[in-house]
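Here's the structure we're looking at; comments come further down.
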Amino acid sequence: MNEISKSLKCVVLRNGIEIWREEERLNDLVQMLKGQKIGFIKIDNEIVNAADIIGIFSALTMEELNRRKNGQWKCQYGNWHGKNEKCFCKPLKKCRVCGKINPPSFINYNGIVCSDCWENENKN
Ligand SMILES: [Zn+2]
Ligand SMILES: [Zn+2]
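Below you can see the structure in the form of structure tokens.
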């Protein structure tokens, strides 16, 4: 996700319409909605019935929503899988010395140690 999409927020309406705006440009709208003032409101050059707004969501939430709509699901390791896909994700192994993720070869001793660090530790 780049810097621009991070600051984008999505106003979702009951009919499925998504209005994407930079977060700071939605501040007035957020204040209005918090004030429970229901009625027609202006978002830039568009008029929206505030009662139809489901919420204002981050790009990340919208991405997750779209994935779930497409039948994808998130496994316990935080990876997305297709509808009929099984999860074969393995927990990440991290060398406790150099922090290398899933080293090609490692020794399990007081935690995971990659073979390079193991050699260094046992030089003397
Ligand atoms: Zn998985
Ligand atoms: Zn290491």
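The opening residue of the sequence shown carries number 343 in the numbering used here; numbering runs sequentially from there. The C-beta atom is built at its ideal place from N, Cα and C for all residues, glycine as well.
Checklist entry - Using a threshold of 6 Å, is the CB atom of Y451 nearer than that to any non-hydrogen atom of ligand 1? => result no
Checklist entry - For C417, which residues does DSSP report across the bridge? => result Paired residues: none, contrary to the question.
Next on the checklist: I need the boundaries of the beta strand (DSSP E) containing C456, first residue and last residue.
Outcome noted: 454-456
Next on the checklist: Taking the alpha-carbon of N462 as reference, which of F399, E388, C440 has the nearest alpha-carbon?
Outcome noted: C440
Checklist entry - Do you know offhand how far M374's Cα is from K428's? => result 45 Å
Item to check | Three-state secondary structure assigned by DSSP to L350 | outcome: strand
Item to check | Secondary structure of E388, DSSP reduced to three states | outcome: strand
Checklist entry - Cβ of E366 less than 7 Å from any chain D Cβ? => result Here there is only one protein chain, and chain D is not present.
Checklist entry - Got a list of residues with beta-carbon closer than 6 Å to any non-hydrogen atom of ligand 2, in chain order? => result C437, V439, C440, K442, C456, D458, C459
Next on the checklist: So for E360, helix, strand or coil by DSSP?
Outcome noted: strand
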